[in-house]
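S.K.: Can you read through this structure? Questions will come right after.
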Amino acid sequence: MLSDRPTLGIVMMLTAYLLFSVVDTSVKWMLALGLPALQLAFLRYAGHFVISLSEAGLRGLGPIAPIRRHFGLLTLRAASLALATVGNFFVLTYLSLTLVSAIMFSAPIIVCLLSVPLLGEHVGPWRWGAILLGFVGVLVAINPFGADFHWAAPLAILNATGLAIYALLTRHLAGEVSSRTMQFFTGAVGTVLLAPFAIAIWQPSSDPLVLTLWVALGACAWAGHELLTRAHRFATASVLMPFSYSFLIYLTIASYIVFDQLPDAATLLGAALIVLSGVIIWQRERKRDRPAGAVS
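269 is the number that the numbering used here gives to position 286 of the sequence shown; each next residue is one higher, with no gaps.
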């Protein structure tokens, strides 16, 4: 049941994306030390899995029937996020935090696009226009015909697609499967998928800061997803959605402080177009879901 405490929901949303920014910043810093992306992705999911397993031991996973009924979709959802994470960590080796996050924010646009064939939803001219605007923003950000274009940039679009599939499956499962179950599957599937690759290329470290960050990856990722889920208990998605763009602000600040990098004009313009596209889609979703006779 939704509790009408929007301020608490917004604080949770802002904190969740702060934790996600800590994960990405830490990963980029460790990638610069030469640690493999697959190893870091495994550590992110292994930590997540340990916490989810502990919670499941204390509180259970939830009703078994929905798990049996949706086992395949739960696995596909978790695998989509794991593959998006691996790709995201890989491109962070080559691209700035701000550029990667801007491209990843095309995920809501891809969700809107995929909702037509996968969910049978109707998309009107406003949202089709927003989808087009969002992809123009992506092209501006990656600047495919510019001298600074990097081949890793298009891969970030594939990562955003994986994130969009994860979001669509979350929307489909949310009414039937508990958040504890989804958290457990996220950690378990990611850990199992990535463990063989991580073991094969494992690079040990004795640096206390690196070891601390290894633990923090999973903890911050789990806590971020938990806060994101809980935020929707206190405020509607239409209230919370604009605050997801705090992620761009966090990573721009982190990019400057940690890596002495500021986004160039193309990245800023592309990010602005992507954000504008997302806001248009969000506004149309609000109008579509608004009861007849309601006023804003």
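Positions of the beta carbon are idealized from the N, C-alpha and C atoms, including for glycine.
Which two residues bound the contiguous alpha helix (DSSP H) that contains Leu292?
M.R.: For residue 292 there is no data in the structure shown, the boundaries of the chain being -16 and 279.
S.K.: If you compare alpha carbons, which of Ala48, Thr219, Leu80 is closest to Pro(-11)?
M.R.: For the purposes of this step, residue -11 is taken as residue 6 along the sequence shown, with counting starting at 1. Comparing Cα positions, the closest option is Thr219.
S.K.: Going by Cα to Cα distance, which pick from Phe73, Leu231, Val121, Phe88 is closest to Val10?
M.R.: Residue numbering aside, residue 10 sits at position 27 when the sequence shown is read from its first letter. Closest by alpha carbon: Phe73.
S.K.: How many Å lie between Ser162 and Val6 at the Cα?
M.R.: Locating residue 162 in the sequence shown gives position 179, counting from the first residue. Locating residue 6 in the sequence shown gives position 23, counting from the first residue. In a straight line, the C-alpha of Ser162 is about 21 Å away from that of Val6.
S.K.: Just curious, the alpha helix (DSSP H) that Ser162 is in, first and last residue?
M.R.: Stepping through the sequence shown from its first residue, residue 162 is reached at position 179. Where Ser162 is concerned, the enclosing alpha helix (DSSP H) stretches over 162 to 184.
S.K.: Can you tell me the Cα-Cα spacing of Ala20 and Thr174, whole angstroms?
M.R.: Against the sequence shown, residue 20 aligns to sequence position 37. Against the sequence shown, residue 174 aligns to sequence position 191. Rounded to whole angstroms, Ala20 to Thr174 spans 14 Å at the Cα level.
S.K.: Taking a contact to mean a Cβ-Cβ separation below 8 Å, would you say Tyr239 touches Leu245 in this structure?
M.R.: On the sequence shown, residue 239 is found 256 positions in, with the first residue counted as 1. On the sequence shown, residue 245 is found 262 positions in, with the first residue counted as 1. Yes. Within cutoff.
S.K.: Quick check on the burial criterion: 16 or more other C-beta atoms within 10 angstroms. Buried or exposed for Arg60?
M.R.: Residue mapping note: residue 60 aligns to position 77 of the sequence shown, counting from 1. Burial call: buried.
S.K.: I believe Val69 touches Leu75 by the beta-carbon criterion, under 8 Å. Please report the beta-carbon distance rounded to the nearest angstrom.
M.R.: Residue 69 sits at position 86 when you count from the first residue of the sequence shown. Residue 75 sits at position 92 when you count from the first residue of the sequence shown. Not a contact, Cβ separation roughly 11 Å.
S.K.: Have a look at Phe180, Phe168, Glu209, Ala254 and flag the residue whose alpha-carbon is nearest the alpha-carbon of Ile50.
M.R.: Locating residue 50 in the sequence shown gives position 67, where the first residue counts as 1. Cα-wise, what sits closest to Ile50 is Phe168.
S.K.: Under the three-state reduction of DSSP, which class applies to Glu159: helix, strand or coil?
M.R.: The residue given as residue 159 occupies position 176 in the sequence shown. In the structure shown, Glu159 sits in coil (DSSP, three-state: anything other than H, G, I, E or B).
S.K.: Anyone know if the C-beta pair for Leu56 and Val94 falls short of 8 Å?
M.R.: For the purposes of this step, residue 56 is taken as the residue at position 73 of the sequence shown. For the purposes of this step, residue 94 is taken as the residue at position 111 of the sequence shown. No; because the gap between Cβ atoms is not below 8 Å, this pair is not in contact.
S.K.: Report the rounded CA-to-CA distance for Phe54 versus Asp243, giving the unit in angstroms.
M.R.: For the purposes of this step, residue 54 is taken as the residue at position 71 of the sequence shown. For the purposes of this step, residue 243 is taken as the residue at position 260 of the sequence shown. Each residue's Cα considered, the two are about 45 Å apart.
S.K.: Given a threshold of 16 other Cβ atoms within 10 Å of its Cβ, counted over all protein chains shown, does Thr235 qualify as buried or as exposed?
M.R.: Numbered from its first residue, the sequence shown carries residue 235 at position 252. So Thr235 counts as buried.
S.K.: With 8 Å as the threshold, decide whether the Cβ of Glu209 is near any Cβ in chain B.
M.R.: Note that chain B does not occur in the displayed structure, where there is just one protein chain.
S.K.: When the Cα atoms are used, what is the spatial distance from Gly207 to Gly107?
M.R.: In the sequence shown, residue 207 corresponds to position 224, counting from 1. In the sequence shown, residue 107 corresponds to position 124, counting from 1. If you take the alpha carbons of Gly207 and Gly107, they lie about 33 Å apart.
S.K.: What first and last residue would you give for the alpha helix (DSSP H) that runs through Ser63?
M.R.: Here residue 63 corresponds to residue number 80 of the sequence shown, with the count starting at 1. 54 to 75 is the span of the alpha helix (DSSP H), which, as asked, contains Ser63.
S.K.: Tell me whether Ala249 sits in a helix, a strand or coil according to DSSP, three-state version.
M.R.: Translated into positions along the sequence shown, residue 249 becomes position 266. Residue state, collapsed to three classes: helix.
S.K.: Short of 8 Å in beta carbon distance, which residues of its chain neighbour Ser35, apart from the five on each side in sequence? Order them along the chain.
M.R.: One-based indexing of the sequence shown puts residue 35 at position 52. Only Arg163, Gln166, Phe167, Thr169, Gly170, Ala171, Trp205 meet the Cβ criterion.
S.K.: Work out the CA separation of Gly30 and Leu66 for me, nearest whole Å.
M.R.: Indexing the sequence shown from 1 puts residue 66 at position 83. Indexing the sequence shown from 1 puts residue 30 at position 47. When rounded, the distance between both Cα atoms is 17 Å.
S.K.: Assign Pro46 to one of two classes, buried (16 or more other C-beta atoms within 10 Å of its C-beta) or exposed (fewer than that).
M.R.: Residue mapping note: residue 46 aligns to position 63 of the sequence shown, counting from 1. It is exposed - the Cβ of Pro46 has fewer than 16 other Cβ atoms within 10 Å.
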